[in-house]
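Colleague: Let me begin by handing over the structure; questions about it come next.
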Amino acid sequence: MSRHLLVTGGAGFIGSDFVHYVMAHTEDTVTVLDKLTYAGSRDSLAGVPSDRVRLVVGDIADAATVEPLVAEADAVVHYAAESHNDNSLDDPSPFLTTNLIGTFTLLEAARRHGTRFHHISTDEVYGDLALDDPERFTEATPYNPSSPYSATKAGSDLLVRAWVRSFGVQATLSNCSNNYGPRQHVEKFIPRQITNLIDGIRPRLYGAGQNVRDWIHADDHSSAVLTILDRGTIGETYLIGADGEKSNKEVVELILDLMGRESTDYEHVTDRPGHDLRYAIDSTRLRTELGWQPSFRDFEAGLAATVAWYRENEAWWRPQKAATEAKYAKVGQ
21 MSRHLLVTGG AGFIGSDFVH YVMAHTEDTV TVLDKLTYAG SRDSLAGVPS DRVRLVVGDI
81 ADAATVEPLV AEADAVVHYA AESHNDNSLD DPSPFLTTNL IGTFTLLEAA RRHGTRFHHI
141 STDEVYGDLA LDDPERFTEA TPYNPSSPYS ATKAGSDLLV RAWVRSFGVQ ATLSNCSNNY
201 GPRQHVEKFI PRQITNLIDG IRPRLYGAGQ NVRDWIHADD HSSAVLTILD RGTIGETYLI
261 GADGEKSNKE VVELILDLMG RESTDYEHVT DRPGHDLRYA IDSTRLRTEL GWQPSFRDFE
321 AGLAATVAWY RENEAWWRPQ KAATEAKYAK VGQ
């Protein structure tokens, strides 16, 4: 039986991947609500069937826009967020508006209409782990955010939990590790390095490059979210990860290898303030309780496919590139 989903932020990176995944694996229809900021693009929805997907350009913090869309949806899948750490350090204010007020506005509409709600969050709400720590984040890890971005995402998670407990909103939550794959904005770590190399620019690495991230392909994130939407227990949180821990240095060197360059052909730049050391996800609960498994188990193969996508889709990322690099140049990065 098909559903109608409202996907917020569905023209962004992981939101658009979810829309494409839903089109390929279900009979559901989708309304995308996206503000189309610099991080969203109509082109990210190219190829989806027009009779099953419609795009509404609007702000999740605008109740008049949100109300009728939630009213007609069987479920809300809430991806929309300001999400770039560097931007949150430069100007935190949009992060409060979108991540907190926007989530509140959606929750109130879901409460009024009894609409199923799934909230997408990040492992960054947990802070970081020591590089030699044998532990990984679990659903019981205390929140310890480090940046305005992760603090506002932590706040949005707590709003969802409170609306479940206080008002009976039918919500689940997920916290995912770092995503990679097609259609990711060039300000982000992996696509920035790939597109720099395409342009003949040496990759740039924050600090010593020892910071570790737990990488997951966006398609695996999408499959996990759909699994939680279908089978997750209301009120519960599920961590999504694919055992993909790599240091930033390892990732840059692998990209260089894949693109035919010497693995040492990069330069170090000043580290950013409050740069978390290590993220690592324990997704045991998602796997054992809901039966989910990642498909992209070979990070090198997934990264090679991502490199190929950026090589083949320059028209998608080229309009973003100059402004992104100009912004980084101002701060010597």
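Everything in the sequence shown is counted per my numbering, starting at 21 for the first residue and increasing by one. Backbone N, C-alpha and C define an ideal beta-carbon position, used for all residues, glycine too. Just so you know, these numbers come straight off a predicted model, no measurement behind them.
Going by DSSP, what residues sit across from K347 in a beta bridge?
Modeller: Paired residues: none, contrary to the question.
Colleague: Distance check for P154 and G35, CA to CA, integer angstroms please.
Modeller: Between G35 and P154, the C-alpha separation is close to 32 angstroms.
Colleague: What is the DSSP secondary structure of I355, counted as helix, strand or coil?
Modeller: It is not possible to answer for residue 355, since the shown part of the chain is limited to 21 through 353.
Colleague: Contact criterion: CB-CB distance below 8 angstroms. Does T85 meet it with respect to chain B?
Modeller: As a matter of chain content, chain B is missing from the structure shown, which is built from one protein chain.
Colleague: Extract the residue ranges of the beta strand (DSSP E) inside the region 109-172, only unbroken runs of 3 or more that lie entirely within it.
Modeller: Runs of the beta strand (DSSP E) inside the region 109-172: 136-142.
Colleague: Taking C-alpha atoms, which residue in Y169, V271 and D63 lies nearest to D110?
Modeller: Among Y169, V271 and D63, the Cα nearest to that of D110 is on Y169.
Colleague: In angstroms, rounded to a whole number, what distance separates the CA positions of W329 and Q190?
Modeller: Approximately 37 angstroms, taken between the alpha carbons.
Colleague: If you follow the beta strand (DSSP E) that N268 is part of, which residue opens it and which one closes it?
Modeller: No beta strand (DSSP E) contains N268, which is instead part of the alpha helix (DSSP H) from N268 to L278.
Colleague: Identify which residue in H45, R62, Y58 and A228 has its Cα closest to the Cα of V52.
Modeller: Nearest of H45, R62, Y58 and A228 to V52, Cα basis: R62.
Colleague: Taking the continuous beta strand (DSSP E) assigned at E51, which residues delimit it?
Modeller: According to the sequence provided, residue 51 is Thr. The question's Glu does not apply to it. Residues T49 to D54.
Colleague: When DSSP labels each residue in this structure, what does A95 get in the three-state scheme?
Modeller: Reduced to three states, the DSSP call for A95 is strand.
Colleague: Sort out for me which residues DSSP pairs V73 with in a bridge.
Modeller: According to DSSP, which records beta bridges pairwise, V73 is partnered with V50.
Colleague: Whose C-alpha, out of G134, R74, W235 and E287, is nearest the C-alpha of Q370?
Modeller: Look at the range of the chain in this structure, 21 to 353, and you will see that residue 370 is not part of it.
Colleague: From the DSSP output, in three-state form, read off L89 for me.
Modeller: Correct three-state label for L89: helix.
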